[in-house]
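Data block below; observations after.
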Amino acid sequence: MVNLGISIGNLKFKNPVLTASGTFGNGTEFEDFFDVSRLGGIILKGTTIEPREGNPYPRMAETPSGMLNTVGLQNKGMDYFERNIYPKVSLYKTNVIANINGSYIEDYVALAERFDKLGKIAAIELNISCPNVKMGGMVFGTDPASSRKVIRAVREAYSGTLIVKLSPNVTRIEDFARIAEEEGADAISLINTLLGMSIDIESMKPSLSTITGGLSGPAVKPVALRMVWQCARAVKVPIIGIGGIMNASDAIEFFLAGASAVQVGTASFIDPVSSVRILEGIEKYLEEKKIGDIKEIIGLINSI
Amino acid sequence: MVNLGISIGNLKFKNPVLTASGTFGNGTEFEDFFDVSRLGGIILKGTTIEPREGNPYPRMAETPSGMLNTVGLQNKGMDYFERNIYPKVSLYKTNVIANINGSYIEDYVALAERFDKLGKIAAIELNISCPNVKMGGMVFGTDPASSRKVIRAVREAYSGTLIVKLSPNVTRIEDFARIAEEEGADAISLINTLLGMSIDIESMKPSLSTITGGLSGPAVKPVALRMVWQCARAVKVPIIGIGGIMNASDAIEFFLAGASAVQVGTASFIDPVSSVRILEGIEKYLEEKKIGDIKEIIGLINSI
Amino acid sequence: MPKRIEDFVIRGNKRLNDDFFVLELAAGTPLPDINPGQFAEVKVEGSPETFLRRPFSIHDVDYRENTIKLLIQIAGKGTETLSGLRPGNSLNLVYPLGNSFTIPSAGEKVLLVGGGCGIAPMLYLARKIAQAGIVPGILLGFRNKKRVIEYEDYQEIGDVYLTTEDGSDGVKGLVTGHPVLMNSVFDRMYCCGPEPMMKAVARHCGNAGIACEVSLENLMACGIGTCLCCVVDTVRGNLCTCTDGPVFNTKDLKW
Amino acid sequence: MPKRIEDFVIRGNKRLNDDFFVLELAAGTPLPDINPGQFAEVKVEGSPETFLRRPFSIHDVDYRENTIKLLIQIAGKGTETLSGLRPGNSLNLVYPLGNSFTIPSAGEKVLLVGGGCGIAPMLYLARKIAQAGIVPGILLGFRNKKRVIEYEDYQEIGDVYLTTEDGSDGVKGLVTGHPVLMNSVFDRMYCCGPEPMMKAVARHCGNAGIACEVSLENLMACGIGTCLCCVVDTVRGNLCTCTDGPVFNTKDLKW
Ligand SMILES: Cc1cc2nc3c(=O)[nH]c(=O)nc-3n(C[C@H](O)[C@H](O)[C@H](O)COP(=O)(O)OP(=O)(O)OC[C@H]3O[C@@H](n4cnc5c(N)ncnc54)[C@H](O)[C@@H]3O)c2cc1C
Ligand SMILES: Cc1cc2nc3c(=O)[nH]c(=O)nc-3n(C[C@H](O)[C@H](O)[C@H](O)COP(=O)(O)OP(=O)(O)OC[C@H]3O[C@@H](n4cnc5c(N)ncnc54)[C@H](O)[C@@H]3O)c2cc1C
Ligand SMILES: Cc1cc2nc3c(=O)[nH]c(=O)nc-3n(C[C@H](O)[C@H](O)[C@H](O)COP(=O)(O)O)c2cc1C
Ligand SMILES: Cc1cc2nc3c(=O)[nH]c(=O)nc-3n(C[C@H](O)[C@H](O)[C@H](O)COP(=O)(O)O)c2cc1C
Ligand code: FES
Ligand code: FES
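Residue numbers (my numbering), protein chains in the order written: chain C, 1 to 304; chain Z, 1001 to 1304; chain V, 2001 to 2255; chain W, 3001 to 3255.
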């Protein structure tokens, strides 16, 4: 038997495979396909304090080994969450993690305070990296001083496990990882989407209503992996690797580079059972390599 | 008949399809496949003042819709270039452009001065964006102040057409475009490779000898296109678009986003005749759309 | 009707003309209940340009044979690859997805309007309506005679009306110009096709006070309501075409 | 011998065992001169994981039939896809690439040593040597009897010696343990196979003062000398395996 358990701060995960925010709904959409409680955790769709209609259609474009999206944080707001979503997701027998977003620091703080009161929310992932909103989002995540401010404010407002999700659209990702660690984050997750764009040459128009959008999928994996590796060397808090993870082999690359856990994103669109398949594949790999504990391979490329 | 000619400063290009540095050798390698003088220009393999052995093997890894490389500017140095390469490439009936690299500003200046004396070098492309060398390279290209210094010094040393090649591994690419313009660059080319990484999970080792390397190919196209669009809106000098251009459709996306010319890179590895095929495809597209001049579509998405 | 992910085996691939083909797919396990208007998300293997699944309406269902059919128009790389599938090849589907058309109540007069690949969801819908004891009117529009497909299949089920843009078969012009639309009184119309066609039909129905349902083809990444990419602007805000649709009552759409 | 890019048509695809198959490819235009040791860069279509071309030694050339053969070992996604090609399919090649083995002078005694897929370049080399009037010694190494391939083809051309690691056929052990290597006096050896094998043969030749050429299989992106990814460290600095090689005299390598 292989031990797949990991911890982030005081929070235990039965296994290191989580789902990425915005790609797994609230989990309910996947119940037809598998028991979502088998996963180590579920990161819910990004929530804002007020409801948001998101960006106009068209919101997505396919790209080589990837996709662009500009959903723009469409969600029904915190009141709706508490009334309608929380009662469902609190039944899952795994870590349910909220993904919080805002235009102003006060929004983040207000959300953090409200999630703090919801006993079955295992952690919050502070998203300062959404590229598809005009205010907040990536604006926080690409400026060191703003990042520090929002992380500090949320840390003060929230007593649980705090994960900070970083934007890859920066020159030195490790600076942002250090800031998060200094401000008391329990873990860092990365990457959110890379800012990209595509054009329909027949209509001569951008494919997305907002012109630019967030690139995800296997195309971004080499960049994500590099950034996870850089952050793992820069900070001591656990890293959650995200970006183009389609199969167990991809996930294992992230562990070897220094991630303690991974999030499966776009893969769930293409194969709704990807996340459990990845979980099974990781177990098989460890068994074949006769490694008894996932923790043994975390950051291994730096030690051999 | 479609007019494909464009200009950069005083320099005329018979068509806007060039080849990217490091992916087309010195052109001679492609003579078996087609008449390289048909292209609008050829950017030569990066040159340094002294010979360089480059990085250890392994130097490349395949990634989803892309590849990583860590060649590390292997080249035989400027003396060798003048004696052995220049006599050959000066025979081409198209613009031959040098790509210059250094560890110190003095290296760049020395190279620029020597290329200035070679009458058949149509322009230099100042590469401040190579991710695969320890000193110089991307270190210049990701720091605004260093970028400014090296561009200024080269501009003083070189009287011909100066193209500055930008690194995509930055938070705000438009800042670097503006700096290049302010310092007198005649054009900006982008993107160089994105810093990425991959790991062989069987050996548990990085795929590249230098751990990280430069990502190129279709995977990076959405990021490249976005950056070209951002720079086209930020500066008035012409932009040369680079990144994942595999076919005419890709190239046309770059024109529509604001590029005046394109460079074909990794595509030449997979299909040595890609560059001329792309040229032919652009011509066909314009004919079908009944557009008489390539210049009419440059930046078109911003005007409709 | 839980959603499933399943490998089907290609039973047949029938080329209808230059652009259209019908895939017949055999399921390995008994088919679930499928309602007319629902669709499947198809994984296209072996085509580097097709990263995401491709959505297709379920064209027909045969519970005895345990097969479904997809009517597909070649539009790009993915459909091109699918057109090359041979009997015995396998194809992975996530299905049945989305809501479905409203089956009319006894005595209602209904017209199904399909243009181009928009005729795809109409065959199974027509069958279900016929099973409910109503003979549907079916108005099909094509560019020209050579592009007319499945005319006979529809004729077996309902009263078929035909238009071609060049008049080489049926009534010349667009579906919205066909007299049946103007002359007869319908309680309900169902429409799928190019957006301008659906909008025209919706406008006609709006003016005439006829209930009208259309099937939208918004770009989709997931097909199961998680990516929020396929939204359509409605009187109730942005809704997902893949879960709240693909069938919408046109009075809810901001057309 | 200019390089070309050309679509070949698959004439045959012969499975040799679980891992190996031989593709026979017909050229549309008369084949250029191809020298033993040269290779082709093959475009693998329909496999999203294979972005770059795949290099394979030219295993055999038949000028009368205007065909070439590739002997391929299934190693991953690309070779897996190639193993599924059927007669009539087309395959795009850039070829002939790289340098070639030195054809021995009259009277020289030569031994060809191949292990696993390293036997690929040896067949055409053996033919060329035989044409030069020399009967080559050919030493082939495999893991076990079931993995022995093309033994008869080589026997038609030269004196074949065989080793298997488990002794189920020929001499038990690695090629470097075969008595022919020790007992006979050769002027020249040619070797292709796993790196440890090539290094062992090179060491033997070095000690015995025998000229030795090996064919390297460095990772390649372009195959035509432009990417500089395939370098090997030599006494003359970094050289490209694809243009300065793939054949190297082992005294030039820093082994
Ligand atoms: C719910 C739903 C049901 C559908 N049912 C059918 C059906 O039964 N039969 C059928 O032939 N087609 C149907 N479509 C459209 C079909 O999904 C697209 O034609 C297909 O995905 C194109 O894939 P491709 O790789 O061949 O083309 P691509 O190379 O992806 O695109 C080629 C062209 O088609 C356009 N396109 C791509 N996807 C769509 C889309 N979803 N809607 C409209 N245009 C698109 C692109 O913008 C591009 O211009 C349906 C779409 C939806 C959303
Ligand atoms: C000049 C040259 C000649 C060759 N001749 C032959 C030949 O005649 N027959 C034959 O079967 N193979 C030959 N090879 C090796 C062949 O190119 C690889 O096995 C093939 O590219 C693997 O592709 P894949 O997609 O199946 O595997 P991938 O999925 O790309 O890789 C699978 C595994 O194979 C390894 N691999 C990939 N490429 C190479 C390579 N170039 N060398 C060694 N290992 C590699 C990978 O590291 C990985 O572990 C030759 C290689 C070179 C450079
Ligand atoms: C359609 C879509 C919606 C997303 N929404 C969110 C979100 O609400 N909050 C967030 O932090 N990240 C969001 N993301 C980013 C993903 O969580 C993830 O960081 C990114 O997609 C990279 O991982 P992948 O390549 O595995 O998809 C979204 C991504 C996609 C594709
Ligand atoms: C193997 C390789 C070597 C390269 N060498 C250089 C170089 O010497 N100088 C340079 O400015 N860019 C170099 N580049 C970057 C390319 O010129 C180009 O900017 C990049 O590959 C993106 O374009 P592509 O996706 O079309 O390949 C190199 C790229 C590759 C793949
Ligand atoms: S396609 Fe993803 S929500 Fe509809
Ligand atoms: S493979 Fe590109 S130089 Fe050898």
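Backbone N, C-alpha and C define an ideal beta-carbon position, used for all residues, glycine too.
None of these values were measured; they are calculated from a predicted model.
Per DSSP, Thr3081(W) is one residue of the alpha helix (DSSP H) stretching across 3077 to 3083. Between Ile1252(Z) and Ile1282(Z), the C-beta gap is smaller than 8 Å, which places the two residues in contact. Between ligand 6 and Cys1130(Z), a heavy atom-to-CB distance of less than 7 Å is absent. Excluding sequence positions up to five before and after Cys2205(V), its CB lies within less than 8 Å of the CB of Met2189, Ala2211, Cys2212, Thr2250, all in the same chain and listed in chain order. Taking the Cβ atoms as the reference, Pro272(C) lies roughly 27 Å from Phe115(C), outside the contact range of under 8 Å. Here the distance from the Cβ of Thr1193(Z) to the nearest heavy atom of ligand 4 is below 7 Å. For Ile278(C) against Ala248(C), the beta-carbon gap comes to about 5 Å, under 8 Å, which counts as contact. Of the residues Asp2159(V), Met2198(V), Tyr2151(V), Phe2186(V), the one whose Cα lies closest to the Cα of Leu2174(V) is Met2198(V). Contact between the region 3015 to 3024 of chain W and the region 3067 to 3079 of chain W is established, with three or more Cβ pairs separated by less than 8 Å.
Under DSSP, Asn2092(V) shares a beta bridge with Asp2007(V), Lys2043(V). The C-alpha of Thr161(C) is placed about 7 Å away from the C-alpha of Ala122(C). The alpha carbon of Leu3016(W) has as its nearest neighbour, out of Lys3146(W), Thr3176(W), Glu3195(W), the alpha carbon of Lys3146(W).
Contact check for Leu1126(Z) against Lys1165(Z) passes: the beta carbons are separated by less than 8 Å.
Nearest neighbour of Pro3196(W) by Cα position, chosen from Phe3248(W), Gly3115(W), Met3001(W), turns out to be Gly3115(W). Beyond the five residues adjoining it in sequence on each side, Asn2092(V) comes within less than 6 Å, by CB distance, of Asp2007, Lys2043 in the same chain, given in chain order. Look at Lys2109(V) here: in three-state DSSP terms it is coil, with no helix or strand label. Taking 8 Å as the cut-off, the Cβ atoms of Leu18(C) and Gly41(C) count as close. The shortest CA-to-CA distance from Ser2047(V) to any of Ala2130(V), Ser2083(V), Tyr2095(V) is the one to Ser2083(V). Relative to ligand 1, Thr19(C) has its C-beta separated by 7 Å or more from all heavy atoms.
Remark: the C-beta of Phe3056(W) is in contact range of ligand 2, defined as less than 7 Å to any heavy atom.
Classified as exposed, Lys12(C) has fewer than 16 neighbouring CB atoms from the shown chains inside 10 Å of its CB. Following the DSSP letters along the chain, one finds Phe33(C) in no beta strand (DSSP E), marked with neither H nor E. From the listed residues Thr2176(V), Thr2067(V), Ile2034(V), the smallest Cα separation to Pro2194(V) is found for Thr2176(V). Between Pro1016(Z) and Gly1005(Z), the alpha-carbon positions lie close to 7 Å from each other. Contact between Leu2031(V) and Gly2223(V) is absent: CB atoms are separated by about 18 Å, not below the 8 Å threshold. For Thr1048(Z) and Thr1266(Z), the gap between their C-alpha atoms comes out near 22 Å. Cβ contact annotation for Gly1196(Z) (same chain, cutoff 6 Å, sequence separation greater than five): Leu1068, Leu1215, in chain order. Annotated three-state conformation of Ala3221(W) is coil, per DSSP. Setting aside the 5 residues that flank it on each side, Val1089(Z) is surrounded in the same chain by Asn1026, Gly1027, Leu1044, Val1096, each with a C-beta closer than 7 Å to its C-beta; the list follows chain order.
One Cα belongs to Glu3152(W), the other to Gly3137(W), and the distance between them is close to 14 Å. Relative to the non-hydrogen atoms of ligand 5, the Cβ of Thr2226(V) comes within a distance shorter than 7 Å of at least one. By the criterion of a C-beta distance shorter than 8 Å, Tyr158(C) is surrounded in its chain by Ala112, Glu113, Phe115, Asp116, Ile124, once the five residues flanking it on both sides are discounted.
DSSP, read as helix, strand or coil, puts Thr3250(W) in helix.
Among the residues facing chain C, Val2235(V) is not included, as its CB has no counterpart in that chain under 8 Å away. Here the C-alpha atom of Pro2002(V) lies approximately 46 Å from the C-alpha atom of Val1170(Z). With distances taken between CA atoms, Val264(C) lies nearest to Leu190(C) out of Leu256(C), Leu190(C), Gly102(C), Glu62(C).
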